[in-house]
Structures are given as structure tokens and as C-alpha cells.
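For what it's worth, our numbering labels the leading residue of the sequence shown as 139, then goes sequentially.
Each residue gets a CB set at the ideal place from its N, CA and C atoms; glycine is no exception.
Just so we're clear, the structure is a prediction, and the values are computed from it rather than from any experiment.
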Amino acid sequence: MTEILPNIPREFTGLAEWLACVVYILVLPRRWGVAGTVAALAGGLGLLVGVQLFAGTLPQYLWTLGMGLAAACMLAFVGIATTVNARDAGYVTARAFVLAELVASLEWQIHAFYFHPEPGVTALFPTLVLLALYAAAFGVAHVLERRHFDGAAPAVGSRLLAIAIAMAVGTFGLSNLSFVTPNTPFSGEISLEVFYIRTLVDLAGYIALYAQHEQLRKQRADLEVAAMDAILRTQHDQYLAAKRDIELVSRASHDLKHHLAVIRSERDPEQRGKHLDALEESLNEFGAAFDTGNPVLDTVLTSKARYCRSRGINFTAVADGGALGFVDVMDLASICGNALDNAIESVLRLPDPEQRLIRVAVFNQARFVVLKFENYFDGELRYEEGELATRKVGGTHGLGLKSIRQAAEKYGGEATFVGRDNWFTLTVLLPLS
């Protein structure tokens with residue numbers, strides 16, 4: 139190199155690594171409350187700055203080892219301060235490492251250009267510039283990453299973790315290649331040129347990692363939309379099938395009544411009585427239907443009530459469906475179908491048949507239509523990342539409740555749930571326009 143400029147001070151690098159970790163810790167589910175988190179952050183600052191100062195005492199050929207030790211400490215810091223698993227901690231650490239390299243390199247490039255050498259400039263002004271730039275850069279990063287994570291773990295697999303690590307290692311290696319040897323097509327010989335190359339490569343690496351996670355979020359959103367569409371189509375298909383079945387049963391009930399006279403002509407009184415009892419029981423089972431004033435609600439309640447009767451579930455419903463005329467067929471079938479499917483799934487797990495109870499109520503209150511679904515449950519509600527956890531597996535995990543909430547919000551309403559005194563209550567409020 140034709141001009142030798144000092145490299146980034148170790149304490150500045152440690153501070154950048156700490157701030158990068160803080161950016162991600164603040165957008166991930168944290169292990170402790172405020173006091174515990176503050177203590178963990180203070181410990182992490184001392185650890186990362188201390189490791190960098192120690193790495194600065196190592197010989198040049200152990201420089202890579204020192205940076206690897208710093209990355210390991212960043213991983214430990216993230217893992218201790220958050221509740222994410224090892225894969226997610228590694229994925230986040232790879233992003234934090236590149237972010238720290240980018241901000242530290244950018245600040246030092248500005249420092250080298252404006253303040254070295256600069257006679258008459260005290261250390262105070264460059265330090266203020268460093269603090270301001272770090273605050274601005276990591277503040278912007280926090281805003282961007284909060285959009286990506288927002289309190290939830292990234293939940294990545296081994297493949298995505300390997301890609302993120304490869305990107306981080308490649309970015310770090312290429313950005314610092316000039317410090318190892320200038321005799322490559324990707325190295326620089328002038329110090330300011332080297333700093334520029336390092337900053338540019340770090341920026342490219344961070345953009346690549348950011349784009350990777352953006353693509354991951356898009357893929358997950360597309361899968362979720364497809365799964366929810368499948369649920370809606372299934373609910374609508376069930377509604378149409380149930381409607382056809384009810385119409386067929388109603389016609390059959392009407393026809394069967396005409397055969398009563400024939401059965402009553404049976405000469406054997408005992409046989410005649412048995413036929414009558416069986417026929418009347420059949421008519422009671424299949425002829426009973428809800429008449430709430432809303433054909434969609436009638437169909438869903440009737441089909442679910444018959445299913446519950448066949449499974450030994452006590453199902454009761456008091457509903458005024460006339461006020462639900464403004465709700466789309468698909469939305470109403472989704473709300474009621476998903477709510478009752480969840481309730482049925484829950485009570486079927488109860489060993490005591492006497493506890494298999496489901497209650498439905500639909501009524502007007504003030505300027506709202508209230509749909510209330512209640513079922514008995516034995517246990518405690520579980521929450522995962524602020525959402526009610528279900529026992530369903532596969533791509534539809536938790537999507538039933540989410541589709542209910544989205545359908546309610548479509549009409550300016552809301553869906554809430556509460557578990558109290560062994561009763562789970564799902565309440566949907568829809569404002570009357």
C-alpha cells in the first residue's frame with residue numbers, strides 16, 4: 139500500500155458488534171423482562187469489547203481466529219438474551235455480524251477521509267461523529283429488521299442457516315481480502331481504496347441477507363394465503379354439501395310422512411309399534427333443522443348439530459340470524475364453520491361424555507351483532523408468540539382462528555377468545571352498518 143492508515147480500533151468494532159446484536163435482540167422474543175434484559179445487554183457489551191481488545195493482542199496470523207471468537211461471543215449473546223433456538227440464533231448472528239462490519243467500516247472510512255491526519259482536530263469531534271453515525275445506522279437497521287421479525291423467531295431450517303452463514307463468511311472474507319494480500323484481482327493497494335472496497339462489499343452482503351429474508355417472508359405469506367384460501371374453499375364446500383343434504387332430508391321426511399298411514403295399517407300391533415317408533419325417531423333426527431332467519435347459518439348449525447349428535451356431543455344454539463344478512467356467504471361459513479370445528483375438536487378430547495358441551499348464541503347488542511361460541515375444556519390455554527396454540531399439525535396450524543379474525547376485521551369487527559372456569563369462549567363482534 140502506498141499510504142498506511144490505521145485500521146478500525148478494536149473497541150469501536152466491539153461496540154458495533156454489540157449494537158448489531160442489540161438491534162436483533164430488541165425485535166426477537168426476549169428471555170427476561172426489562173431488568174434482566176438490561177443486565178444481559180450490559181454483560182454483552184463488556185464481553186464483546188473485551189474479546190475485541192483481546193483479539194487485538196494476537197499476532198497477525200491469528201487475526202481470523204480472533205474474529206471467529208468474536209462471532210462466537212455474538213452467537214452466545216443472542217442465544218442468552220432471547221428465547222430463539224440454536225438455528226435461529228445462528229441465522230440472526232450471521233446477519234448481525236455483517237451489519238456490524240458494514241457500520242464499523244462505513245464510520246471508519248468517513249473517519250479516515252476527514253479526520254486522519256487532520257492537525258488541530260481533537261478526539262472529541264470524531265467521537266461525536268462516530269456516536270451519531272452508529273446511532274443513525276443502527277436505528278435505521280432496527281426499523282428495517284422490526285418489519286422482518288416483529289417479536290417473532292425467524293424459524294429457519296438448516297438450509298437457510300447454511301446460506302446465511304455462507305453469505306456472512308463470504309462477505310467478511312472478500313471485504314477484508316486486501317488486509318491479507320494486495321495481490322488479487324479483488325484487492326486494493328491504497329488505504330482509502332481498501333476501506334471503500336470493504337464498505338462496498340459489506341453493504342452488498344447486508345443487502346443480500348436482507349433480500350434473502352424478504353424472499354423468505356414472501357414465500358411464507360404466499361403459503362399462508364394459499365392455506366387460508368383452501369380452508370375457505372373447504373368451509374364453503376362443506377356448506378354447499380350440508381345444504382344439499384338438508385334439502386334431501388327435508389324431502390325424504392315429507393315423503394316418509396305419507397307412509398305413516400301404511401305402517402299404521404299393520405295388523406300386528408307389536409310390529410306396527412316398532413315400525414312407528416323407528417320411523418318417528420328417524421324423522422326426529424333428520425327432520426329437525428334450525429330456522430334462524432339466515433339460510434347460511436341454518437345450514438351450518440344444522441350440519442354441525444347432527445355431527446355432534448352422532449358423536450355424543452351436547453350441542454345447543456340460540457341464534458337470531460336475521461341481522462347477519464350483510465355478511466358474505468363465504469365469510470359467515472368460515473366464521474361459524476371454523477369456530478365450531480375448533481370446539482368439536484376440543485370437546486372430543488374430553489374423556490367424560492357429560493363434559494362434551496358446546497353452546498352457540500347469536501344476538502344483537504347495541505349496534506353490534508354478537509356471535510358467541512362456547513365449549514367446555516379441561517386444561518390450560520397455550521400461547522405461542524402471542525397467538526393461541528392449537529394441536530393441529532401441518533400447514534393449517536392456527537389458521538382457523540386467524541381466518542375468523544380476518545373475516546371479522548373485514549367488516550370492521552373483531553374476534554376475541556378467553557378461557558375461564560373450564561369454558562373456552564370465542565366472541566365475534568360485527569358492527570351493524
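Which residues does DSSP list as the beta-bridge partners of E547?
E547 is not bridged to any residue.
For L378, does the count of other Cβ atoms within 10 angstroms reach 16, so buried, or fall short, so exposed?
exposed
Inspect the beta-carbon positions of L568 and V507 and report whether they are closer than 8 Å.
yes
On a CA-only basis, which of I345, G551, T337, V307 is nearest G206? Give me that one, please.
V307
Per DSSP, K510 forms a beta bridge with which residues?
A499, T565
Check G557 in the structure and name its three-state DSSP category.
strand
Assess contact between the region 144-164 and the region 178-197, defined as three or more Cβ pairs (one per stretch) separated by less than 8 Å. Is contact present?
yes
With a threshold of 8 Å, are at least 3 pairs of Cβ atoms found where one atom belongs to the region 166-173 and the other to the region 212-224?
yes
Quick one: Cα of D360 to Cα of L354, how far?
10 Å
DSSP state of N476, grouped into three classes?
helix
Which residues mark the beginning and the end of the alpha helix (DSSP H) in which T151 is found?
148-163
Return the first residue and the last residue of the alpha helix (DSSP H) that A227 is part of.
224-253
According to the Cβ coordinates, are L240 and G228 closer than 8 Å?
no
I'd like the list of long-range same chain contacts for R284, defined as Cβ closer than 6 Å, with 5 residues on each side in sequence excluded.
V165
Flag this pair as yes or no: are the beta carbons of F511 and G557 separated by less than 8 Å?
no
Could you please give the first and the last residue of the uninterrupted beta strand (DSSP E) stretch that includes T440?
Run containing T440: none in the beta strand (DSSP E); it sits in the alpha helix (DSSP H), 433-448.
Thinking C-alpha only, which one of F287, I248, D288, V294 is nearest Y272?
I248
Where S541 falls, given that 16 or more other Cβ within 10 Å makes a residue buried
buried
Beta carbon of L153 nearer than 8 Å to that of V176
no
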